[in-house]
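So in our numbering, the last one in the sequence shown is 131, and the numbering has no gaps at all. Everything below concerns the one structure shown next.
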Amino acid sequence: MMSSIICRLFHFSRSSVIPIQCTIQTRNYAVLGSKKTVKKPLLVSTEKKELPVETDAHRLQTHVCGTNLLKEGGEDVEIKPDSEYPSWLWTIRTGPPPPLEEMDPNTKQYWKRLRVLALRRNNKIQSTKPF
């Protein structure tokens, strides 16, 4: 029936029109009122392990506490005198990164830091705009 209407409206010959059957899916849709309960997996509570805390002041000054990885036996690493460690160890910067003005513009670190600062500035500007 539909193909004959199309042939009359658009002046197509009957042999050129291919009838197509459309189906509408009516199943497997969510229906109000059918609430399924989802079972959540039960969490098993485990007791927290209390790790032994070193309170001996002399041992805290002479050993790196917590470095013993063996289950049985073994000891923590003893701290050596400064002369037994490499010289570059004492030049490592452990504080905040240097300001941009103190960095050399011919290094990758300078340009990475410049990019990060620019991104932070742009993000701050964007967050203050109303829309």
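Backbone N, C-alpha and C fix where the C-beta goes; we use that ideal spot for every residue, glycine too.
Distance, E78 Cα to G95 Cα
25 Å
What separation, rounded to the nearest whole angstrom, lies between the Cα atoms of V64 and R93?
21 Å
For V77, the residue or residues it bridges with in DSSP:
V64
Where the alpha helix (DSSP H) through V116 begins and ends:
108 to 128
For E84, the three-state DSSP class (helix, strand or coil):
helix
Should G66 and D82 be called a contact, given that it needs their Cβ atoms to be closer than 8 Å?
no
What's the C-alpha gap between K124 and V53?
43 Å
Measure the C-alpha to C-alpha separation of P99 and S45 and round it to an integer number of angstroms.
47 Å
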